[in-house]
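The block underneath contains the structure these notes are about, expressed in structure tokens.
Protein chains: 2
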Amino acid sequence: MTAKPVFKNIALLGVGLIGGSIGEAICARSLAEEVVGIDREAKNLRAAKRRSAIMRGTRDLARGVAEADLVIICTPVETIVELVGKVADATGPHCLITDVGSTKARIVAEIERNKAAAARFVGSHPLAGSERKGPGNADKNLLESQSVILTPTKKTDPATLRRLKRFWTSLGARTVTMRPAEHDRCIAAVSHLPHLVAAALTASTPDRELAQAASGWLDTTRIAAGDAEMWANILIDNRSHILKSASRFGKLVASMCRALEAGDRAALCKILQDAQEKRNSARSSDT
Amino acid sequence: MTAKPVFKNIALLGVGLIGGSIGEAICARSLAEEVVGIDREAKNLRAAKRRSAIMRGTRDLARGVAEADLVIICTPVETIVELVGKVADATGPHCLITDVGSTKARIVAEIERNKAAAARFVGSHPLAGSERKGPGNADKNLLESQSVILTPTKKTDPATLRRLKRFWTSLGARTVTMRPAEHDRCIAAVSHLPHLVAAALTASTPDRELAQAASGWLDTTRIAAGDAEMWANILIDNRSHILKSASRFGKLVASMCRALEAGDRAALCKILQDAQEKRNSARSSDT
Chain A
26 MTAKPVFKNI ALLGVGLIGG SIGEAICARS LAEEVVGIDR EAKNLRAAKR RSAIMRGTRD
86 LARGVAEADL VIICTPVETI VELVGKVADA TGPHCLITDV GSTKARIVAE IERNKAAAAR
146 FVGSHPLAGS ERKGPGNADK NLLESQSVIL TPTKKTDPAT LRRLKRFWTS LGARTVTMRP
206 AEHDRCIAAV SHLPHLVAAA LTASTPDREL AQAASGWLDT TRIAAGDAEM WANILIDNRS
266 HILKSASRFG KLVASMCRAL EAGDRAALCK ILQDAQEKRN SARSSDT
Chain B
26 MTAKPVFKNI ALLGVGLIGG SIGEAICARS LAEEVVGIDR EAKNLRAAKR RSAIMRGTRD
86 LARGVAEADL VIICTPVETI VELVGKVADA TGPHCLITDV GSTKARIVAE IERNKAAAAR
146 FVGSHPLAGS ERKGPGNADK NLLESQSVIL TPTKKTDPAT LRRLKRFWTS LGARTVTMRP
206 AEHDRCIAAV SHLPHLVAAA LTASTPDREL AQAASGWLDT TRIAAGDAEM WANILIDNRS
266 HILKSASRFG KLVASMCRAL EAGDRAALCK ILQDAQEKRN SARSSDT
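Protein sequence lines correspond, in order, to chains A and B.
Residues in the first sequence are numbered consecutively from 26, following the numbering used here.
Residues in the second sequence are numbered consecutively from 26, following the numbering used here.
Here it is as structure tokens:
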């Protein structure tokens with residue numbers, strides 16, 4: 026793995042699980058001369074430095090991004106727009122900006138209202154994560170072979186997009202390009218609705234039965250251990266697409282329940298067969 | 026692991042994933058002098074023999090169980106009652122019989138109508154499995170540290186129950202005792218509803234979005250790859266308890282969707298927090 030460095034000085038704004046993992050991947054592959062971590066929590070900066078996710082850390086945004094030619098915003102979705110504005114103000118036109126937020130339509134639209142930011146920003150969403158938090162759970166291979174969705178718009182400079190694609194590819198990821206709204210529709214189906222469903226399944230399981238929860242329940246509910254505040258903001262941000270996905274899901278649950286009530290084995294089996302085939306056709310790298 | 030053998034001659038009726046895994050565990054731990062596999066499919070018997078899950082195989086039930094002092098029925102739930110009757114007819118009073126079915130109330134009640142069978146039968150349900158099928162996917166450690174629920178009734182001989190508990194424990198499992206109805210209520214919540222939900226989530230995911238399915242979707246839907254016919258029979262068998270669990274689940278999904286529609290971040294966050302805490306409190310052996 027000897028990809029060519031695309032940027033010289035990378036600043037990670039937020040060194041939690043994702044920021045820390047990106048930093049570890051950059052450092053392990055020697056993909057930048059300087060990797061600066063910026064975080065409100067000094068302990069995150071210390072942990073990230075200890076794990077070689079960053080070369081130096083600061084709590085001062087302006088100082089952290091001063092020399093950067095790439096700033097990656099790795100903070101919760103509700104903070105991204107404001108931080109992109111601050112980074113744009115604190116850096117020159119040569120500095121590109123991206124994020125790793127799980128929603129895109131609102132974020133990109135709001136950023137593009139700020140001309141100085143719009144010219145240097147492309148949204149990114151690495152489809153990798155964990156129910157765990159913080160730089161202590163970072164993993165330099167988190168992005169390896171995973172997708173990063175990039176969401177350029179008509180305002181995006183094609184050269185900027187190409188550089189960001191090369192950057193993510195240099196970390197071992199493969200890039201996919203979608204419009205912001207297309208991203209949100211897709212991620213509602215494959216990430217946000219699954220989170221809502223896993224949380225509802227977990228919360229609805231009676232405490233007295235939990236002792237018998239085995240691998241099926243544990244796998245189906247794993248993502249429900251994710252940070253509630255963070256996920257509440259994501260789900261609200263993408264609610265229109267999630268509600269459409271939830272409606273499709275609800276209709277299928279209702280069909281299965283009607284088949285159970287009627288003892289209609291054939292109708293039930295048909296849905297289970299559709300699911301079995303679709304699940305088997307999905308990427309099977311989940312072992 | 027040098028547990029003392031509890032039985033001398035064990036017959037496994039059905040050498041698929043579960044039968045094969047039990048056979049491999051028995052043979053690897055030298056827990057019987059003879060392990061006989063009985064299956065309708067000669068290829069399953071050959072695969073089980075090749076993997077040292079059985080010492081010999083036969084497609085003839087009466088011949089297979091003739092010398093057994095324990096017969097374990099490892100076949101789909103809809104076949105268990107009839108097979109227990111056949112085994113009871115083909116064996117003497119010294120031979121104990123159990124099963125590994127995922128539902129218990131109907132099966133145990135029907136078996137107990139047959140006095141000869143009732144005196145020698147206790148229901149078992151090892152809480153271990155896989156979405157995969159067949160002896161080729163068997164795993165001699167499948168039961169290691171997993172629960173096996175035993176479902177004795179008033180008609181059960183306490184000595185029989187004790188022997189079966191010792192047997193499952195000798196395979197590395199821990200045993201839990203429940204009434205059949207209690208088992209079905211519990212398993213509806215922690216296994217059967219999760220299967221229904223995972224299948225509905227899978228079937229409702231638009232094909233065009235599947236390429237972006239990452240670890241969250243893959244974990245949440247893993248069990249939906251399980252055999253549709255087998256699961257249709259399980260779900261129908263336990264439908265009254267599953268419908269109650271599904272109703273609790275549906276109410277929570279509806280609450281979350283209402284909170285999304287209303288943009289009620291606090292209400293949404295509360296449910297996500299309940300789920301996060303409950304998921305973190307559950308056994309965390311799912312890594």
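A virtual CB, placed ideally from N, CA and C, is assigned to each residue, including glycine.
Grab me the residues of residue i's own chain with a C-beta within less than 7 Å of its C-beta, minus the 5 sequence neighbours each way, in chain order.
| i | result |
| --- | --- |
| B/Ala113 | Ile122, Asn139, Ala141, Ala142 and Arg145 |
| B/Gly161 | Ala72 |
| A/Arg65 | Arg84 |
| B/Pro30 | Leu56 and Ala57 |
Establish whether the CB of residue i and some CB of chain A are separated by less than 8 Å.
| i | result |
| --- | --- |
| B/Ile259 | no |
| B/Ile132 | no |
| B/Ile248 | yes |
| B/Pro177 | no |
| B/Asp244 | yes |
| B/Asp311 | At B/Asp311, the pLDDT of 43 sits below 50, so the modelled position is not reliable; the number obtained from the coordinates is stated separately. True, the Cβ-Cβ gap to chain A drops below 8 Å. |
| B/Met281 | yes |
| B/Gly241 | yes |
| B/Val31 | no |
| B/Leu70 | no |
| B/Leu38 | no |
| B/Asp114 | no |
| B/Ile267 | yes |
| B/Pro101 | no |
| B/Val278 | yes |
| B/Asp299 | yes |
| B/Leu168 | no |
For residue i and chain B, any beta-carbon pair shorter than 8 Å?
| i | result |
| --- | --- |
| A/Phe274 | yes |
| A/Ala163 | no |
| A/Ile296 | yes |
| A/Glu254 | yes |
| A/Ala238 | yes |
| A/Leu152 | yes |
| A/Arg5 | Residue 5 of chain A is absent from the model: chain A starts at 26 and stops at 312. |
| A/Gly126 | no |
| A/Lys129 | no |
| A/Lys303 | yes |
| A/Arg264 | yes |
| A/Gly41 | no |
| A/Thr181 | no |
| A/Thr104 | no |
| A/Leu189 | no |
| A/His119 | no |
With a cut-off of 8 Å on the beta carbons, I'd call residue i and residue j a contact; round off their distance for me.
| i | j | result |
| --- | --- | --- |
| A/Thr178 | B/Ala300 | Going by Cβ atoms, the distance from A/Thr178 to B/Ala300 rounds to 35 Å, so no, they are not a contact pair. |
| A/Ile98 | A/Leu108 | 5 Å |
| A/Leu235 | A/Ser270 | Not a contact, Cβ separation roughly 28 Å. |
| A/Ile174 | A/Val147 | Actually they do not touch by this definition, with Cβ atoms about 11 Å apart. |
| A/Gly45 | A/Ala238 | Contact doesn't hold; Cβ gap of about 30 Å is too wide. |
| A/Val215 | B/Thr230 | 7 Å |
| A/Thr176 | A/Ile259 | Not really, about 15 Å apart at Cβ, beyond 8 Å. |
| B/Ile296 | A/Ala213 | Actually they do not touch by this definition, with Cβ atoms about 18 Å apart. |
| A/Asn69 | A/Gly154 | That pair is no contact at about 17 Å. |
Here's a check: name, in chain order, each residue in its chain whose Cβ is nearer than 8 Å to the Cβ of residue i, leaving out the five neighbours to either side.
| i | result |
| --- | --- |
| B/Lys33 | Ala57, Glu58, Glu59 and Asp94 |
Cutting at 6 Å between CB atoms, please list the residues of its own chain near residue i, excluding the five before and the five after it.
| i | result |
| --- | --- |
| A/Ala292 | Ala284 |
| B/Met255 | Pro101 |
| B/Gly126 | Val102, Ile105 and Ile132 |
| A/Ser310 | Residue confidence for A/Ser310 is low, a pLDDT of 44 falling below 50, so the modelled location carries little weight and cannot support an answer. |
| B/Gly197 | Leu168 and Glu169 |
| B/Phe317 | Nothing can be reported for residue 317 of chain B, as the shown portion of chain B is limited to 26 through 312. |
| B/Lys74 | Gly82 |
| A/Ala307 | none |
| A/Thr312 | Model confidence at A/Thr312 stands at a pLDDT of 39, short of 50, so the residue's coordinates are unreliable; what they give is reported in the following sentence. Within the same chain, A/Thr312 has no close Cβ partners at all. |
What does DSSP give as the partner residues of residue i in its beta bridges?
| i | result |
| --- | --- |
| B/Pro151 | B/Val173 |
| A/Val60 | A/Ile35 |
| A/Gly82 | A/Gly62 |
| B/Leu268 | In DSSP, B/Leu268 forms no bridge with anything. |
| B/Val96 | B/Ala36 and B/Ile122 |
> Along the chain, which unbroken stretches of the beta strand (DSSP E) at least 3 residues long are found entirely within the region 164 to 223 of chain A?
Replying inline: 172 to 176 and 199 to 202
> What residue ranges within the region 111 to 150 of chain B form continuous alpha helix (DSSP H) runs of no fewer than 4 residues, ordered along the chain?
Replying inline: 130 to 137 and 140 to 143
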